[in-house]
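Inspection log for the structure reproduced underneath, given as structure tokens.
The structure is reproduced here in structure tokens:
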């Protein structure tokens, strides 16, 4: 999984390039994610995600990060229906931000970017991007959301690295549930090993608790029940 995924041509948002354009926000706007089986997620999302989706950890270019799984196959997303609507109650922030994203300019300062290749961009309907050369309230609200998500992802990356350094991440092992079946590996994904968590030194456990991140850990562990159901459903389809 890469961070860009469904982004085709992201460019910095500017009145010079994007005046006269609007963003469609109808219910069936998630077709872009139909073939995406996972996205990055922030720790503050874990509690709501745990009711619907499995959360696992993968190693990216910047170290370990959590992702939310929508399917087990590379192009499977069980949560987008044929019309493009999202089936779940909670829509992950990475999905909600599209067609926008935070990028970096030459000064390394965060920039609001937009995917110029997105089908959500319209000249006829939706929320306008600029009026009289100025960002609309929709854009200002979006920028605030993007900055908050970016900050939460930076915090989450530190959290994930800490879990790895403490030796808490272990390979995903799951059984098919069929007689005589052996454990199967879910790629290079990792999950928190609860036995190792309970064996942590008091100082390390207290540090996680004081940061408010112990709840993240247990939300992640609770979410793994959905992974078992995903695997069971796939085995049922293939049997």
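In this note's numbering, the protein residues as written are 207 to 445.
Using N, Cα and C, we set each Cβ at its ideal position, and we do this for glycine too.
Because the structure is a prediction, the values reported are computed rather than measured.
In this structure, 278 is the residue among 222, 278, 256 with its C-alpha nearest to the C-alpha of residue 378. Here the C-alpha atom of residue 225 lies approximately 12 Å from the C-alpha atom of residue 345.
When C-beta atoms of the segment 342 to 360 are compared with those of the segment 236 to 252, three or more pairs fall below 8 Å, so the two segments count as touching. Check the Cα spacing between residue 280 and each of 337, 245, 441, 355: the tightest is with 245. Unbroken beta strand (DSSP E) runs of no fewer than 3 residues, entirely contained in the segment 264 to 337, are found at 269 to 275, 306 to 310, 316 to 321, following chain order. Taken atom to atom, the span from the alpha-carbon of residue 436 to that of residue 308 is near 32 Å.
In summary, residue 398 is buried, with 16 or more beta-carbon neighbours lying within 10 Å of its beta-carbon over all protein chains present. Secondary structure at residue 418: coil, using DSSP grouped into helix, strand and coil.
Within the DSSP secondary-structure output, residue 220 pairs in no beta bridge. Taking C-beta atoms under 8 Å as the contact rule, residue 263 and residue 270 qualify, at a distance of about 5 Å. Short of 7 Å from the beta carbon of residue 291, and not among the five residues preceding or following it, lie these beta carbons of its own chain, in chain order: 233, 234, 236.
About 13 Å separates the CB atoms of residue 372 and residue 408; that is not less than 8 Å, and the two are not in contact.
In the structure shown, residue 438 adopts helical secondary structure according to DSSP, grouped into three states.
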